[in-house]
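J.: I have a structure I would like to understand better, so I am pasting it below and will then ask my questions one at a time.
Chains as they are written, first to last, in the numbering used here: chain V, 14 to 354; chain H, 896 to 1343.
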């Protein structure tokens, strides 16, 4: 394996991490706001806050890690994506800022402030949509090079069916991932009412997620035939992903082994995400930018890898400690002790 | 929108984001150290008041961290969005400290989460103190790494530029550039100093507003003492920064000091107004600039006459320099007087007017931070990478920067107001007196 592939694999893994923990976070915010609206807040708020409070900042770092890493390993992406993404990513940053800070405001400062809960609920559900635009653009066809600088064609972008399928998928998947995780978490907390409600949400969002995911592959056949044929070549990964999806839904349906259900869901997205990523190879931005012509110099690449390994040696035990203290601590999960500062 | 306008709006938006971010970032770097100190003193003296101090600071800190994190994410992305050509070039050389910064940030985020949610969970308070060390280290090291990136922009090295291509890149040499030691030290120390004075300002305000509790007096003494120590350190490092500038970035020093002619025995100009090339109403301290620059009263200091007109930074940075230095000196004196006053039992330091001066000190220190950054950044004009890339070559070609500027300005207003409202409500609704009473009831009265 060469350094280019290693670099993009590391970044793709972190992006996957962000999508998973971010989806749990965004979806939780949405369910929290929705439960306020439907008067079920009593059931859900405690569960959601107990999980989110110690980890909300960590979630954000996954994103920072990804975008700093991609500029580090592939500096040319700054030129292509930086220039063209000003508007969509700025909107994403604003949503992220409102979400993150209003979450903290609501949780630590003004408990039970409805306005703040709505703010972070709505911002969270719009976020996956605004960030997923990047995935659409990477498929090519929306950027033209004018006078040596890339220009994004907004009209083409916003009238494309591919754009909207990816937006819908990101929203549906966010709610689905979040609901499955929270079902498991609520069940661990022995909160029957919350478990049942969240299980219902999980089942509701399962089908739209699958339909849109399939739809996108279909859209790609027209939009980017080369990518489509790569996806076909990797069919076993998508088949495994689909089988895992069936497994998750079946377990949820039979109300059993929510932990296994969540593990299967992780596997489902892992295979789909890496299958998608591998089929995109070698392009970062079709057809202008491949991972080879944008890669940084060898000296920087090696030092980044060294720092990355050292960083992980520090991060993994810390993350383990965090999970042991909060995610896998029975008393904490069940809310027996609230040791909030 | 033409390219010139895009450059202008990109500059304004970057300045706006950074100016807003550093308020929260400065607090974010400095406060963990203060919380750690309070917790440590509390354990050492077995005094619950200090532990409570740490706890209440930590609670307020969460709100500022939240805004610091999200605005930090904003500037991190804006670097690529607004200055894509710069990031494409510089990313080859300077990605390493940027990457290391995310690790420091990661480390801090994990342990902050643990720290905030394990109050009273451990029997032994010392264990809880241990959790604060990674938080404080993570916070300080993000400042260190990100300042290294900025130092590189002032003194780029670690590569060779041959026909517009970067070769022989050495990431470590790029990190260890000559601007790095003074910049990093000055940033970290002034963060500690400012955070201490901001907390002192809160304690003084509570004392003025009638809460004459021991708790606030302890808080005030601790913060003023720490503030004094770090303000002395800041002054010392500031002097080293002057020497660095004289050696490596003489045009910045000359512009900040309105030093037009290269000459020996150079006087230091304080205050004054610039009228064309004539300086009016200024104090001149003979030989002081030569001493600041080279430690020798007769040493020659390079003036602006050595540079072509399009390489000279705007001369208004002199006012920023004055603001920064004046506030620094003022806060050193104020905290020195307070410290001596407490030790010697002077009544003056407990009077209302003196406390008002301390209240004013928090915002003033923050102003000094802003002024110092503006001076450092504007003093680098017209370069984004000194001597290599000009600002107008680095900016985006996108035509939407002005709209984004409006959006972000709106965002910062919302975040600024939101954080102030929440912080006020948080502490109003739960006064120290009430919290101490609550805890006494819980614990059965082992608080003094």
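All C-beta atoms in this analysis are idealised placements derived from N, C-alpha and C, irrespective of residue type, glycine included.
On the three-pair Cβ rule with 8 angstroms, is the region 1102 to 1115 of chain H touching the region 1164 to 1173 of chain H?
T.: The answer is no - the region 1164 to 1173 of chain H does not touch the region 1102 to 1115 of chain H, with fewer than three Cβ pairs under 8 angstroms.
J.: Look up residue 5(V) in the DSSP assignment and say whether it is helix, strand or coil.
T.: Residue coverage of chain V in this structure runs from 14 to 354, which leaves residue 5(V) outside it and unanswerable.
J.: What's the gap between the Cα of residue 309(V) and the Cα of residue 106(V)?
T.: Using only the alpha carbons, I get a separation of about 26 angstroms.
J.: Using the rule of at least 16 other Cβ atoms within 10 Å of the residue's Cβ for burial, across every protein chain shown, is residue 1178(H) buried or exposed?
T.: Residue 1178(H) should be labelled exposed.
J.: Check each residue of the region 195 to 227 of chain V: if its Cβ is closer than 7 angstroms to any Cβ of chain H, include it; give the result in chain order.
T.: The residues in question: there are none.
J.: Would residue 1017(H) count as contacting chain V if we go by Cβ distances under 7 angstroms?
T.: Answer no: the Cβ-Cβ gap between residue 1017(H) and chain V never drops below 7 angstroms.
J.: Give me the Cβ distance between residue 1254(H) and residue 1126(H), rounded to the nearest whole Å; I'm assuming they're in contact under 8 angstroms.
T.: With 8 angstroms as the limit, residue 1254(H) and residue 1126(H) do not qualify as a contact, their Cβ atoms being about 17 angstroms apart.
J.: Give me whichever residues DSSP pairs with residue 162(V) in a beta bridge.
T.: Answer is 159(V).
J.: Does any CB atom of chain V fall closer than 7 angstroms to the CB of residue 1342(H)?
T.: For residue 1342(H), the pLDDT reaches just 44, beneath the cut-off of 50, and the residue's location in the model is therefore unreliable, leaving the point undetermined.
J.: For the region 1017 to 1048 of chain H, list every residue whose C-beta sits within 8 angstroms of some C-beta in chain V, in sequence order.
T.: Residues passing the 8 angstroms Cβ filter: 1029.
J.: Given a cut-off of 7 angstroms, decide if residue 1273(H) and residue 1209(H) are closer than it, judged by their beta-carbon atoms.
T.: Cβ distance < 7 angstroms, so residue 1209(H) and residue 1273(H) count as in contact.
J.: Name, going along the chain, the residues of the region 1263 to 1280 of chain H whose beta-carbon falls closer than 7 angstroms to a beta-carbon of chain V.
T.: Residues passing the 7 angstroms Cβ filter: none.
J.: Using 10 angstroms around the beta-carbon of residue 204(V), count the other beta-carbons present and answer buried if the total reaches 16, otherwise exposed.
T.: Buried, by the Cβ-count rule.
J.: Pick from 161(V), 175(V), 155(V) and 318(V): whose alpha carbon is nearest that of residue 169(V)?
T.: Ranking the options by Cα distance to residue 169(V), first place goes to 155(V).
J.: Are the C-beta atoms of residue 1008(H) and some chain V residue less than 7 angstroms apart?
T.: Cβ-Cβ to chain V under 7 angstroms: yes for residue 1008(H).
J.: Could you name the residues of the same chain whose beta carbon sits closer than 6 angstroms to that of residue 97(V), not counting the 5 residues immediately before and after it, in chain order?
T.: Cβ within range, chain order: 156, 163 and 165.
J.: Please work out which residues of its chain come closer than 7 angstroms, Cβ to Cβ, to residue 184(V), disregarding the five sequence neighbours upstream and downstream, and give them in chain order.
T.: Within the same chain, residue 184(V) has close Cβ partners 138, 141 and 142.
J.: Would you please verify whether the beta carbon of residue 918(H) is less than 7 angstroms from any beta carbon of chain V?
T.: No, because no Cβ of chain V sits closer than 7 angstroms to the Cβ of residue 918(H).
J.: Can you tell me whether DSSP reads residue 1285(H) as helix, strand or coil?
T.: In this structure, residue 1285(H) counts as strand in the three-state DSSP scheme.
J.: Once DSSP output is grouped into helix, strand and coil, what is the label at residue 1342(H)?
T.: Interpretation of residue 1342(H) is limited by its pLDDT of 44, a score under 50 that renders its predicted location unreliable; no figure is taken from the coordinates.
J.: Rounded C-beta distance between residue 958(H) and residue 1317(H)? I'm assuming under 8 angstroms.
T.: Going by Cβ atoms, the distance from residue 958(H) to residue 1317(H) rounds to 6 angstroms, so yes, they are a contact pair.
J.: Does the beta carbon of residue 117(V) come closer than 7 angstroms to any beta carbon on chain H?
T.: Cβ-Cβ to chain H under 7 angstroms: yes for residue 117(V).
J.: Excluding the five sequence neighbours on either side, which residues of its own chain have a C-beta within less than 7 angstroms of the C-beta of residue 1250(H), listed in chain order?
T.: The answer, listed in chain order, is 1099, 1102 and 1103.
J.: Starting from the beta carbon of residue 334(V), find every residue of chain H whose beta carbon is closer than 8 angstroms, and list them in chain order.
T.: Per Cβ cutoff of 8 angstroms: 1005 and 1009.
J.: Near residue 1200(H), what residues of its chain come up, given a Cβ to Cβ distance below 8 angstroms and the 5 sequence neighbours on each side ignored?
T.: So the qualifying residues of the chain are 1155, 1156 and 1157.
J.: Could you give the DSSP three-state label for residue 23(V): helix, strand or coil?
T.: Helix at residue 23(V).
J.: Within 7 angstroms of any Cβ in chain H, is that where the Cβ of residue 26(V) sits?
T.: Taking Cβ atoms only, chain H never reaches closer than 7 angstroms to residue 26(V), which makes this a no.
J.: Output needed in chain order: residues of the region 155 to 173 of chain V with a Cβ under 7 angstroms from some Cβ in chain H.
T.: Answer set for the region 155 to 173 of chain V: 162.
J.: Given this structure, state the Cα-to-Cα distance separating residue 1342(H) from residue 1331(H), to the nearest angstrom.
T.: Bear in mind that the predicted position of residue 1342(H) carries a pLDDT of just 44, short of 50, making it unreliable; the figure below should be weighed with that in mind. Cα to Cα, residue 1342(H) sits roughly 8 angstroms from residue 1331(H).
J.: Rounding to the nearest angstrom, what Cα-Cα distance links residue 1186(H) and residue 1142(H) in this structure?
T.: Taking the straight line joining both Cα atoms gives about 13 angstroms.
J.: Touching or not, the region 1289 to 1306 of chain H and the region 1257 to 1268 of chain H, by the rule of three or more beta carbon pairs under 8 angstroms?
T.: These segments do not touch.
J.: Quick check on residue 1291(H): does DSSP put it in helix, strand or coil?
T.: Note: residue 1291(H) maps to coil in three-state DSSP.
J.: Quick one, which residues of the region 295 to 314 of chain V are near chain H if we go by CB-CB under 8 angstroms, in chain order?
T.: Residues passing the 8 angstroms Cβ filter: 309, 310, 312 and 313.
J.: Between which residues of its own chain and residue 1047(H) is the CB-CB distance below 6 angstroms, once the five residues before and five after are set aside?
T.: Counting only Cβ-Cβ distances below 6 angstroms, and skipping sequence neighbours, we find 989, 1069 and 1072.
J.: Which residue wins for smallest C-alpha separation from residue 1326(H), given the options 952(H), 903(H) and 969(H)?
T.: Among 952(H), 903(H) and 969(H), the Cα nearest to that of residue 1326(H) belongs to 952(H).
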